[in-house]
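Engineer: Have a look at this one.
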Amino acid sequence: MANVIVNRIIDFLKKYPPFSFLSSELLSQVAAEVDLIYFEKEEFLFQKGEPAKSYFFVVKEGAIKLTDDVSGKEETVEFCDEGDVFGVLALLGKRPYILNARANEPSLIIAVPVGIFEKILNENSQVSLYFASGFASGQVVVRSGLSQSQKVRNLLGRKSDENGLMLLSGQRTLQYSHPVVQCPVGTSVFTAVTKMSKASVGSIMVVDQNLHPKGIITDKDLRNRLIAKGLPYDTPVEKIMSHPVVTASKELEFSQVYLTMVKHRLHHLVFTEDGSPDSPLLGIISDHDILLSQGNSPAVLIKALQESEDIHEMAKLRNQAEGMLKYYLDNELAIDFIAGILTEINDTIIRRAIVLALTKHQPSFPEVQDLEFCFLGLGSEGRGEQLLRTDLDNALVYQDVPDKLEEKAQNFMHLISRDVMEVLFACGFHSCPAEMMANNPRWCQPLSQWKRYFSEWIREPDPQSLMMGTIFFDFRAVGGKQALADALTQHVYEEIHQEKVFLNFFAKNALLNPPPLGFFRNFMVEKSGKHAEKFDIKLRAMMPLADAARVLILSHQVVGINNTFKRYERLAELEPNQASLFRDAGKAYEIFMRIRALEGLATESSGRFIQPDSLGKLQRQLLKNAFFPIEEIQKILKVRFQLDYFGN
Amino acid sequence: MDWKKFFGFASLPKPDFIRAYEKSMERKFPKGKPLSEVEFLVLDTETTGLTIKKDHVLSYGSVLVIDNRIKISNSREFYLKPKKRNREAIKVHGLVQERPYVSRERLIRTFLEDARQKVLVGHHLGFDLAMLERVGKSMGLRKIKNPGLDTYDLAVRLDRGRYYDPHTVPAKEYSLDRLCERYAIALDDRHTAAGDALLTAQLLVKLLKVAEAKGIKTYGDLLG
Numbered sequence: 001m002a003n004v005i006v007n008r009i010i011d012f013l014k015k016y017p018p019f020s021f022l023s024s025e026l027l028s029q030v031a032a033e034v035d036l037i038y039f040e041k042e043e044f045l046f047q048k049g050e051p052a053k054s055y056f057f058v059v060k061e062g063a064i065k066l067t068d069d070v071s072g073k074e075e076t077v078e079f080c081d082e083g084d085v086f087g088v089l090a091l092l093g094k095r096p097y098i099l100n101a102r103a104n105e106p107s108l109i110i111a112v113p114v115g116i117f118e119k120i121l122n123e124n125s126q127v128s129l130y131f132a133s134g135f136a137s138g139q140v141v142v143r144s145g146l147s148q149s150q151k152v153r154n155l156l157g158r159k160s161d162e163n164g165l166m167l168l169s170g171q172r173t174l175q176y177s178h179p180v181v182q183c184p185v186g187t188s189v190f191t192a193v194t195k196m197s198k199a200s201v202g203s204i205m206v207v208d209q210n211l212h213p214k215g216i217i218t219d220k221d222l223r224n225r226l227i228a229k230g231l232p233y234d235t236p237v238e239k240i241m242s243h244p245v246v247t248a249s250k251e252l253e254f255s256q257v258y259l260t261m262v263k264h265r266l267h268h269l270v271f272t273e274d275g276s277p278d279s280p281l282l283g284i285i286s287d288h289d290i291l292l293s294q295g296n297s298p299a300v301l302i303k304a305l306q307e308s309e310d311i312h313e314m315a316k317l318r319n320q321a322e323g324m325l326k327y328y329l330d331n332e333l334a335i336d337f338i339a340g341i342l343t344e345i346n347d348t349i350i351r352r353a354i355v356l357a358l359t360k361h362q363p364s365f366p367e368v369q370d371l372e373f374c375f376l377g378l379g380s381e382g383r384g385e386q387l388l389r390t391d392l393d394n395a396l397v398y399q400d401v402p403d404k405l406e407e408k409a410q411n412f413m414h415l416i417s418r419d420v421m422e423v424l425f426a427c428g429f430h431s432c433p434a435e436m437m438a439n440n441p442r443w444c445q446p447l448s449q450w451k452r453y454f455s456e457w458i459r460e461p462d463p464q465s466l467m468m469g470t471i472f473f474d475f476r477a478v479g480g481k482q483a484l485a486d487a488l489t490q491h492v493y494e495e496i497h498q499e500k501v502f503l504n505f506f507a508k509n510a511l512l513n514p515p516p517l518g519f520f521r522n523f524m525v526e527k528s529g530k531h532a533e534k535f536d537i538k539l540r541a542m543m544p545l546a547d548a549a550r551v552l553i554l555s556h557q558v559v560g561i562n563n564t565f566k567r568y569e570r571l572a573e574l575e576p577n578q579a580s581l582f583r584d585a586g587k588a589y590e591i592f593m594r595i596r597a598l599e600g601l602a603t604e605s606s607g608r609f610i611q612p613d614s615l616g617k618l619q620r621q622l623l624k625n626a627f628f629p630i631e632e633i634q635k636i637l638k639v640r641f642q643l644d645y646f647g648n
Numbered sequence: 001m002d003w004k005k006f007f008g009f010a011s012l013p014k015p016d017f018i019r020a021y022e023k024s025m026e027r028k029f030p031k032g033k034p035l036s037e038v039e040f041l042v043l044d045t046e047t048t049g050l051t052i053k054k055d056h057v058l059s060y061g062s063v064l065v066i067d068n069r070i071k072i073s074n075s076r077e078f079y080l081k082p083k084k085r086n087r088e089a090i091k092v093h094g095l096v097q098e099r100p101y102v103s104r105e106r107l108i109r110t111f112l113e114d115a116r117q118k119v120l121v122g123h124h125l126g127f128d129l130a131m132l133e134r135v136g137k138s139m140g141l142r143k144i145k146n147p148g149l150d151t152y153d154l155a156v157r158l159d160r161g162r163y164y165d166p167h168t169v170p171a172k173e174y175s176l177d178r179l180c181e182r183y184a185i186a187l188d189d190r191h192t193a194a195g196d197a198l199l200t201a202q203l204l205v206k207l208l209k210v211a212e213a214k215g216i217k218t219y220g221d222l223l224g
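In order, the protein sequence lines correspond to chains A and B.
Residues 1 to 648 in full-length UniProt numbering are what the first sequence lists, from first letter to last.
Residues 1 to 224 in full-length UniProt numbering are what the second sequence lists, from first letter to last.
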């Protein structure tokens, strides 16, 4: 039986991975074999190049810094605090140490004999995954390690002390109805309705002789297209069916299906053998099925928003979406899916607000009432990454008008912007402190003025212009005339093509925020070894990645991809030799988005500032591993845009 | 005390383990031995009270320290069955915990085996050793002959130098609690013998680091 002394070790170790994965029996065996070693400040535990010892270490009290000798200077690579595991090379491969370890303060260290752990490593898959994926400190994380460690984090399961960080949804199985109630082309409506009635369903598929889906008839179609029109019951079904149908492959993940339906506002999605409409019908899923499977459907929310006339009701619906966001995060749905849904909801609010505003103000501006305009999302809104109702960044561009109408047009557009913003504020979004919003007259301008703005930023890339660039270059058409936004994009690329040096400035600007090193207790640790109290996940982790993605995507002249993670996906395709790094960067960005959203929901804040000690061990390590691609990406920018030689 | 029984036992030949212990203690520690090679057995006892003649050992805990390492694998915790169950105490503490009790002989035998060639360490070590001698007396243990290091004395000495007037020492400042606080040792499991032994061991390694910085580098420097 374990004595009080061993129990104290057990009580300590069981709080931390990988020991938390051990059975209590195994853990007592391990705990009974350890040594406690005390180290004075600055004392070495081991030095780089020394052969691996026969034990690895866990910090019990105090702190250890892992350092590297870089051109004669000792540089801190990582800090280990209570519960951190390090010196694991002794366990894995028995190679000489690649870093120094020395006490940063008086420290009590648990030395775990390798012998007893080797067996565990072989038998416990969670423990071996923990080590294999670089969760221990001081392990060099190989590039491909990030997606791996993300997967592993999933496999290691949730611990209550992990603050509910969950990653990646597993594939959810789809329950679609099959066999589908169907009838061939040429069938009379009467026969079709008899079939529907017998099966007591609200819709019937129309198929051709090859069983390829041609259309669908719903109760609504019967009402609107048959009875209301006074057509006879022997009308052939193809006359009143809705077509073409949107088809998908049954291999599609639940989240993708969902997103497709939300985006296309579909009530039904049809599955075929190969996913195309020219392939045999397999099954059908309705938004109602989804509603049932989800309990809370964005399709329903979006529909309600589209029909809403009342600002208070819209606000209520938007609050509901927040609950949905939490549900998605809790259920580990993929971030691109979550961001897609939330963006669609936010966009719907804006589009609806525009409709309401137009209805209200058009009568007062008869000369310009048909003016074309486009509401632009900027910043995270423009990138389609705004999960929380944080600060709004947006703008409005309208078509150029003859001088005599300019004042009218401006007034009209300003009122529209103002009303849209009022709806957004009522829905819980925050005002942009720098007032980069459509209701600011400066950012509610005709296309020619917008072109001038962008030309100015591109031709005179001073710090102010570059700051504007990081926000405005991510513009995206949210509502109104897409062509206006496209014209602006076209202009931007033409200007950049002429002023190539702009991208160098832009790239340099993307390096303003070096990635943090890691965490140490409730501090974030900087490269310089300094500590900062709170971790600004937006400034220190997300912005460097978003900025770099923007520059790189501009340099490839890619149009229409605004999501940072999608940009990295595209970059991986464009540059196969850097593909793994770009994919890791995208993954890292998703990790940051998720953690920020969870933090924001938990603390009812923007989620931007994270208290490092509120993170669990695995979560810290995951975040820390996610910092690696930032540095690598910044190195690429440095080389590609020759920033070391580029004027300061 | 049962005098008859006592004399009866005393006349018996000493058990092997006591003889082996006594023999092992004939070899003296070389004074020049570096501290990193000295092996320390850090121990503590929990007793029914503070009167050596009257009170009994309830439990014993120890842990080995070699070269600044506290060897958890060599930790001990033993409970002796109290001779008279102190019902009042049980009422007060509200716990009637069934312990895996060991015999007095097992305790003394293990202790003496562990103690061979070790420097014994305790906080107010003299009291613990006296209590252990009392347990061992009936088995023929006359004296625990190991060199001893009292963490109380060491702590005072490190503050006040080698020659100090014991009467001027504010004893309260050097209680195990206060010293742990001062040396930043987390106090849990206080007042179980094994728990206190582990605290004392942590105190020892910290004190030895201070001692080393002050030029105390060998066994001779420490105990001479």
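Even glycine gets a Cβ: it sits at the ideal position worked out from N, Cα and C.
Just so it is clear, the structure is predicted and the values come from calculations on it, not from any experiment.
Does the count of Cβ pairs from the stretch 586–593 of chain A and the stretch 616–632 of chain A closer than 8 Å reach three?
Structural biologist: These segments touch.
Engineer: Which of the three DSSP states, helix, strand or coil, is assigned to B:Ser175?
Structural biologist: As a working mapping, residue 175 of chain B is identified with position 175 in the second sequence. In the structure shown, B:Ser175 sits in coil (DSSP, three-state: anything other than H, G, I, E or B).
Engineer: Should the stretch 157–168 of chain B be called in touch with the stretch 30–39 of chain B, which here means at least 3 C-beta pairs below 8 Å?
Structural biologist: No: fewer than three Cβ pairs fall under 8 Å.
Engineer: Name the residue from B:Ile70, B:Asp67 and B:Asp128 whose alpha carbon lies nearest to the alpha carbon of B:Asp150.
Structural biologist: The count along the second sequence starts at 1 and reaches residue 150 of chain B at position 150. Nearest C-alpha to B:Asp150: B:Asp128.
Engineer: How would you list, in chain order, the residues of chain A whose beta-carbon sits under 7 Å from the beta-carbon of residue 232 of chain B?
Structural biologist: No answer is possible for residue 232 of chain B: the residues shown for chain B start at 1 and end at 224.
Engineer: Which same chain residues, not among the five before or five after A:Lys14, have their C-beta less than 7 Å away from its C-beta?
Structural biologist: Against the first sequence, residue 14 of chain A aligns to sequence position 14. Excluding residues within five positions, the ones whose Cβ falls inside 7 Å are Ser20 and Leu27.
Engineer: Along chain B, which residues have their Cβ under 8 Å away from the Cβ of A:Ile9?
Structural biologist: Taking the first sequence and counting its residues from 1, one reaches residue 9 of chain A at position 9. Under the 8 Å cutoff, chain B gives Ile72.
Engineer: Of the choices A:Leu356, A:Glu25 and A:Gly72, whose alpha-carbon is the least far from that of A:Lys48?
Structural biologist: Indexing the first sequence from 1 puts residue 48 of chain A at position 48. Measuring from the Cα of A:Lys48, the nearest candidate turns out to be A:Gly72.
Engineer: Find the residues of chain A that neighbour B:Val63, judging by a C-beta separation of less than 8 Å, and give them in chain order.
Structural biologist: For the purposes of this step, residue 63 of chain B is taken as residue 63 along the second sequence, with counting starting at 1. Going along chain A in sequence order, the residues near B:Val63 (Cβ under 8 Å) are Ile5.
Engineer: Answer yes or no: does any C-beta atom of chain A fall closer than 9 Å to that of B:Gln117?
Structural biologist: Here residue 117 of chain B refers to the residue found at position 117 of the second sequence. Chain A, which has no Cβ nearer than 9 Å to the Cβ of B:Gln117, makes this no.
Engineer: To the nearest angstrom, report how far apart A:Ile37 and A:Ile110 are at their CA atoms.
Structural biologist: The residue you call residue 37 of chain A lines up with position 37 of the first sequence. The residue you call residue 110 of chain A lines up with position 110 of the first sequence. Near 6 Å, if we compare the C-alpha coordinates of A:Ile110 and A:Ile37.
Engineer: Is any beta-carbon of chain A found at less than 9 Å from that of B:Lys214?
Structural biologist: Locating residue 214 of chain B in the second sequence gives position 214, counting from the first residue. Chain A, which has no Cβ nearer than 9 Å to the Cβ of B:Lys214, makes this no.
Engineer: Of the choices B:Tyr183, B:Val156 and B:Lys71, whose alpha-carbon is the least far from that of B:Pro170?
Structural biologist: As a first step, residue 170 of chain B must be located in the second sequence, where it is residue number 170. The shortest C-alpha separation from B:Pro170 is found at B:Val156.
Engineer: With DSSP run on the structure shown, which of helix, strand or coil describes A:Leu167?
Structural biologist: Here residue 167 of chain A corresponds to residue number 167 of the first sequence, with the count starting at 1. Reliability fails at A:Leu167, whose pLDDT of 25 lies under 50, so the model's placement of it is uncertain and the value that follows must be treated cautiously. In this structure, A:Leu167 counts as coil in the three-state DSSP scheme.
Engineer: Compare the C-beta of A:Tyr16 with all C-beta atoms of chain B and state if any pair is closer than 9 Å.
Structural biologist: Stepping through the first sequence from its first residue, residue 16 of chain A is reached at position 16. It does not; no Cβ of chain B falls within 9 Å.
Engineer: Is it buried or exposed for A:Pro446, if we count other Cβ within 10 angstroms and need 16 for buried?
Structural biologist: As a working mapping, residue 446 of chain A is identified with position 446 in the first sequence. That one is buried.
Engineer: Run down chain A in chain order and give the residues with a C-beta less than 8 Å from the C-beta of B:Lys206.
Structural biologist: Position 206 of the second sequence, counting from 1, holds the residue named residue 206 of chain B. Neighbours of B:Lys206 on chain A, chain order: Tyr38 and Pro106.
Engineer: Using C-beta distances below 6 Å, list every residue in its chain close to A:Thr187, excluding the 5 sequence neighbours before and after it, in chain order.
Structural biologist: Within the first sequence, residue 187 of chain A is the residue found at index 187, counting from 1. Around A:Thr187: Val237.
Engineer: Beta-carbon within less than 8 Å of A:Asn3's beta-carbon, same chain only, minus the 5 sequence neighbours each way: which residues are those?
Structural biologist: Position 3 of the first sequence, counted from the first residue, corresponds to residue 3 of chain A. The answer is none, since no qualifying residue turns up.
Engineer: Along the beta strand (DSSP E) that carries B:Leu35, what are the first and last residues, could you check?
Structural biologist: For the purposes of this step, residue 35 of chain B is identified with residue 35 of the second sequence, where counting begins at 1. Unbroken run through B:Leu35: none, as it is neither H nor E.
Engineer: Helix, strand or coil for residue 650 of chain A, going by three-state DSSP, please let me know.
Structural biologist: What the structure shows of chain A is the stretch from 1 to 648, and residue 650 of chain A is not part of that stretch, so it cannot be assessed.
Engineer: Interface residues of chain B around A:Val34 at Cβ under 8 Å?
Structural biologist: Position 34 of the first sequence, counted from the first residue, corresponds to residue 34 of chain A. Residues of chain B passing the Cβ test: Ile72 and Ser73.
Engineer: Name, going along the chain, the residues of the stretch 165–193 of chain B whose beta-carbon falls closer than 9 Å to a beta-carbon of chain A.
Structural biologist: So the close ones are Tyr183, Ala184, Ile185, Ala186, Asp188, Asp189, Thr192 and Ala193.
Engineer: Tell me where the alpha helix (DSSP H) around B:Phe17 begins and ends.
Structural biologist: The count along the second sequence starts at 1 and reaches residue 17 of chain B at position 17. Run containing B:Phe17: Asp16 to Ser24, per the alpha helix (DSSP H) assignment.
Engineer: Just the C-alpha distance for A:Tyr97 and A:Thr67, rounded to the nearest angstrom, thanks.
Structural biologist: Working through the first sequence from its first residue, we reach residue 97 of chain A at position 97. Working through the first sequence from its first residue, we reach residue 67 of chain A at position 67. Roughly 11 Å separates the two Cα atoms.
Engineer: Could you name the residues of the same chain whose beta carbon sits closer than 8 Å to that of A:Met543, not counting the 5 residues immediately before and after it, in chain order?
Structural biologist: The sequence position of residue 543 of chain A within the first sequence is 543, counting from 1. Closer than 8 Å at the Cβ level, and outside the excluded window around A:Met543, lie Thr470 and Asn513.
Engineer: Give a yes or no on whether the C-beta atoms belonging to A:Leu387 and A:Ile338 are separated by under 9 Å.
Structural biologist: Here the question's residue 387 of chain A lines up with position 387 in the first sequence. Here the question's residue 338 of chain A lines up with position 338 in the first sequence. Yes, Cβ-Cβ distance for A:Leu387 and A:Ile338 is below 9 Å.
Engineer: May I ask you to report which of helix, strand or coil DSSP gives A:Val140?
Structural biologist: Taking the first residue of the first sequence as position 1, residue 140 of chain A is located at position 140. Low per-residue confidence applies at A:Val140: pLDDT is 44, beneath 50, and the placement is therefore not dependable, though the value from the model is reported in the following sentence. Three-state DSSP puts A:Val140 in coil, outside helix and strand.
Engineer: Determine the extent of the beta strand (DSSP E) in which A:Pro113 is found, giving its start and end residues.
Structural biologist: Here the question's residue 113 of chain A lines up with position 113 in the first sequence. First-last of the beta strand (DSSP E) with A:Pro113: Ser107 to Pro113.
Engineer: Would A:Glu33 and B:Ser73 qualify as a contact pair, given that the criterion is a beta-carbon distance under 9 Å?
Structural biologist: Numbered from 1 along the first sequence, position 33 holds the residue referred to as residue 33 of chain A. Numbered from 1 along the second sequence, position 73 holds the residue referred to as residue 73 of chain B. Taking 9 Å as the Cβ cut-off, A:Glu33 and B:Ser73 qualify as a contacting pair.
Engineer: I'd like the ranges of any beta strand (DSSP E) spanning at least 3 consecutive residues and lying wholly in the stretch 456–497 of chain A.
Structural biologist: DSSP runs (the beta strand (DSSP E)) wholly in the stretch 456–497 of chain A: 476–480.
Engineer: In the structure shown, what three-state DSSP assignment does A:Ala626 receive?
Structural biologist: Taking the first sequence and counting its residues from 1, one reaches residue 626 of chain A at position 626. DSSP places A:Ala626 in helix when its eight states are reduced to three.
Engineer: Helix or strand or just coil, what does DSSP make of A:Cys432?
Structural biologist: Taking the first residue of the first sequence as position 1, residue 432 of chain A is located at position 432. The answer is coil: DSSP assigns A:Cys432 none of H, G, I, E or B.
Engineer: Taking buried to mean at least 16 other C-beta atoms within 10 Å of its own C-beta, is A:Gly508 buried or exposed?
Structural biologist: Counting from one through the first sequence, the residue named residue 508 of chain A turns up at place 508. Checking the displayed sequence, the identity of residue 508 of chain A turns out to be Lys instead of Gly. That one is buried.
Engineer: Give the list of continuous beta strand (DSSP E) stretches no shorter than 3 residues that lie fully inside the stretch 40–78 of chain B.
Structural biologist: Runs of the beta strand (DSSP E) inside the stretch 40–78 of chain B: 57–66.
Engineer: Using a Cβ-Cβ cut-off of 9 Å, state whether B:Gly195 counts as contacting chain A.
Structural biologist: By 1-based counting over the second sequence, the position of residue 195 of chain B is 195. Yes - at least one Cβ of chain A is within 9 Å of the one on B:Gly195.
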